[in-house]
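S.K.: Just so you know, the sequences run in chain order E and L. When we follow the working numbering, the leftmost residue of the first sequence carries the number 1337, and every step to the right adds one. When we follow the working numbering, the leftmost residue of the second sequence carries the number 1337, and every step to the right adds one. Here a beta-carbon is modelled for each residue, glycine too, at the ideal position from N, C-alpha and C. Computed from a predicted structure; not experimentally measured. Next up is a structure, given as structure tokens.
There are 2 protein chains.
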Amino acid sequence: MDVKTLCLAVLSKGQATGYEIKKAFEEGPFSHFQTASFGAIYPALARLTAEGMVTVTVQAQDGKPDKKIYELTAQGRNAFLATLDIQPAPNQIRSDLLFLLFFAEHLPPTRILTLIDARVAAYTAMISQMDDLNAQGNCDPGHQFVRGFGRSVYQAAADYLATHRDTLVAQVSEQHHEAAE
Amino acid sequence: MDVKTLCLAVLSKGQATGYEIKKAFEEGPFSHFQTASFGAIYPALARLTAEGMVTVTVQAQDGKPDKKIYELTAQGRNAFLATLDIQPAPNQIRSDLLFLLFFAEHLPPTRILTLIDARVAAYTAMISQMDDLNAQGNCDPGHQFVRGFGRSVYQAAADYLATHRDTLVAQVSEQHHEAAE
DNA sequence: GGTTGCATGTAAATGGTTACATGATTGT
DNA sequence: ACAATCATGTAACCATTTACATGCAACC
């Protein structure tokens, strides 16, 4: 999933500027399962334009730079639909938190608790953010399915962290105790 | 979390070769939440050696290339412990499957089912793999916590997919129906 | 007066994947 | 015969992040 494909995907839902595409990954429908930065989006959009996948409409603005509204061409739409034929790679998860907790024995108990509590709060916030998106009503079955999936997984993650944090700390403390003897 | 840090982390659990480090990400304790390829591991190990973070013991073998057993130095151990002070970045998730299902309306119902069923099977396999690892007994609290976390999350993911797959297909079919009218 | 949001873009640096190269042994 | 496991390594290529550059308006 490169940024070019991701841009096509966002544009398949309607015209957008580079700025708006970024937002789709941050707050919008694509948030939580894909990302892209400006430094990747703008060049991607330029290449897509050169390749005839999208068209640009420049809209002058005062103060701000011209707004460039991108829109899929027929060719772009086909290219996008073609990407839907890929075999999906297994989910890629990179978790710094899990990395740290894997080495919990080297962490002070207070830090363990702080780390876990912060993450639980983050999950909770993301869940309510998703609920807000859901309430704003987008009945697209795909969107709902994906959001529901995210919700379930986040909920499970938060629950696990909340219910096992004390056990972890207790075990780590105990181990330190043993080591001290 | 760059590969150099990841190598230090694996070596903190004991000496290992580049090949074994790779395995730690594939089947071993680090599987599922971090990855690294040979093309990244070997150069990383070379740099770590040059920096005095690790020492190498070459062990001749017949037929195969010499085995290079790496081991942390005191400096390497300190460097590793220092990395445990980072603020963990939020989990990064990149899901091709979710990307595809987001656009379920453009997918034939049979493909949706195949995709979902394959993923459910993959989750199930990973869960039993984790259970095997757990049965092999590593009582390290950090390891157990991380594995338990993974298990819960995978289980939730599999459950969600299994219980919502038919609804998704039904909604997509219905939509196609409406569109045809 | 500082931060956030809007809005685009470039360039250097980073970091990693993929493919290649080598080669014995063991299992199917 | 063919694939997989063991075992290391290089190099070309790819993509992306980060930092920089610019600048107005609105809000606190």
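Below 8 Å, can you find three or more Cβ-Cβ pairs linking the stretch 1339 to 1351 of chain E to the stretch 1398 to 1409 of chain E?
M.R.: yes
S.K.: Work out the CA separation of H1479 of chain L and R1501 of chain E for me, nearest whole Å.
M.R.: 13 Å
S.K.: Alpha carbon to alpha carbon, how far is L1434 of chain L from A1376 of chain E? Give it in angstroms, no decimals.
M.R.: 21 Å
S.K.: Can you tell me which of the three DSSP states T1391 of chain E falls into?
M.R.: strand
S.K.: Across which residues does DSSP place R1430 of chain E in a beta bridge pair?
M.R.: Beta-bridge pairing links R1430 of chain E to L:Q1428.
S.K.: Report buried or exposed for T1419 of chain E, applying the criterion of at least 16 other Cβ atoms within 10 angstroms of its Cβ.
M.R.: With 16 or more other Cβ atoms within 10 Å, it is buried.
S.K.: At the 8 Å Cβ level, is H1512 of chain E part of the contact set with chain L, yes or no?
M.R.: no
S.K.: Here's the rule I'm using: 16 or more other beta-carbon atoms within 10 Å means buried, otherwise exposed. How should H1368 of chain E be labelled?
M.R.: buried
S.K.: To the nearest angstrom, report how far apart I1448 of chain L and M1337 of chain E are at their CA atoms.
M.R.: 19 Å
S.K.: Would R1455 of chain L and M1466 of chain L qualify as a contact pair, given that the criterion is a beta-carbon distance under 8 Å?
M.R.: Their beta carbons are not under 8 Å apart, which means R1455 of chain L does not touch M1466 of chain L by this criterion.
S.K.: Three Cβ pairs or more, each shorter than 8 Å: is that satisfied between the stretch 1437 to 1444 of chain E and the stretch 1411 to 1431 of chain L?
M.R.: yes
S.K.: What residue from E:V1339, E:V1394, E:T1460 has the CA that sits closest to L1381 of chain E's CA?
M.R.: E:V1339
S.K.: Give the secondary structure of A1352 of chain L by DSSP, where H, G and I count as helix, E and B as strand, and everything else as coil.
M.R.: strand
S.K.: For V1548 of chain E, count neighbouring C-beta atoms within 10 Å of its own C-beta (all shown protein chains included) and say buried if the count is 16 or more, exposed if not.
M.R.: Beyond the ends of chain E as shown, which are 1337 and 1517, falls residue 1548 of chain E; an answer cannot be given.
S.K.: Cβ atoms of A1492 of chain L and V1489 of chain E: under 8 Å apart, would you say?
M.R.: Contact: yes.
S.K.: Give me, in chain order, the residues of the same chain whose beta-carbon lies closer than 8 Å to that of G1388 of chain E; leave out the 5 immediate sequence neighbours on both sides.
M.R.: T1409, Q1411, G1412
S.K.: Anyone know if the C-beta pair for I1463 of chain L and N1427 of chain E falls short of 8 Å?
M.R.: no
S.K.: Would I1452 of chain E be called buried (16 or more neighbouring beta carbons within 10 Å of its own) or exposed?
M.R.: buried
S.K.: Contact criterion: CB-CB distance below 8 Å. Does S1488 of chain E meet it with respect to chain L?
M.R.: yes
S.K.: Per DSSP, which one or two residues make a beta bridge with L1408 of chain E?
M.R.: E:V1390
S.K.: Please report the residue range of the alpha helix (DSSP H) in which E1514 of chain L lies.
M.R.: 1477 to 1516
S.K.: Identify the residues that DSSP records as bridge partners of K1400 of chain L: which are they?
M.R.: In the DSSP output, where bridge partners are listed per residue, K1400 of chain L has none listed.
S.K.: Any residues in the stretch 1422 to 1440 of chain E with a beta carbon nearer than 9 Å to a beta carbon of chain L? Which ones, in chain order?
M.R.: Residues of the stretch 1422 to 1440 of chain E that bring their beta carbon within less than 9 Å of a beta carbon in chain L comprise I1422, Q1423, P1424, A1425, P1426, N1427, Q1428, I1429, R1430, S1431, D1432, L1433, L1434, F1435, L1436, L1437, F1438, F1439, A1440, in sequence order.
S.K.: Quick check: the Cα distance between A1471 of chain E and P1379 of chain L, rounded to an integer number of angstroms?
M.R.: Cα to Cα, A1471 of chain E sits roughly 50 Å from P1379 of chain L.
S.K.: Leaving out the 5 sequence neighbours to the left and right, which residues in its chain are closer than 7 Å to Q1542 of chain L when beta-carbon positions are compared?
M.R.: Residue 1542 of chain L is absent from the model: chain L starts at 1337 and stops at 1517.
S.K.: Quick check on DSSP: helix, strand or coil for I1422 of chain E?
M.R.: coil
S.K.: Who are the neighbours of L1347 of chain E on chain L, taking C-beta pairs under 8 Å?
M.R.: Going along chain L, no residue has its Cβ under 8 Å from L1347 of chain E, so there is no contact; the nearest lies around 13 Å.
S.K.: Residues of chain E with CB under 7 Å from L1443 of chain L, in chain order?
M.R.: L1420
S.K.: Applying a beta-carbon distance threshold of less than 8 Å, which residues of chain L neighbour M1337 of chain E?
M.R.: R1430, D1432, F1435
S.K.: Determine the direct distance from the alpha carbon of V1346 of chain E to that of E1510 of chain L, and round the result to whole angstroms.
M.R.: 24 Å
S.K.: Under three-state DSSP, which class holds N1474 of chain E?
M.R.: coil
S.K.: Starting from A1440 of chain L, follow the alpha helix (DSSP H) in both directions and report where the run begins and ends.
M.R.: Element bounds for A1440 of chain L: n/a, residue is neither H nor E.
S.K.: With a threshold of 16 other CB atoms inside 10 Å of the CB of T1341 of chain E, please say whether the residue is buried or exposed.
M.R.: buried
S.K.: Would you mind giving the Cβ-Cβ distance between P1424 of chain E and L1504 of chain L, rounded to the nearest angstrom? I have them listed as a contact below 8 Å.
M.R.: That belief does not hold up - the Cβ atoms of P1424 of chain E and L1504 of chain L are roughly 15 Å apart, past 8 Å.
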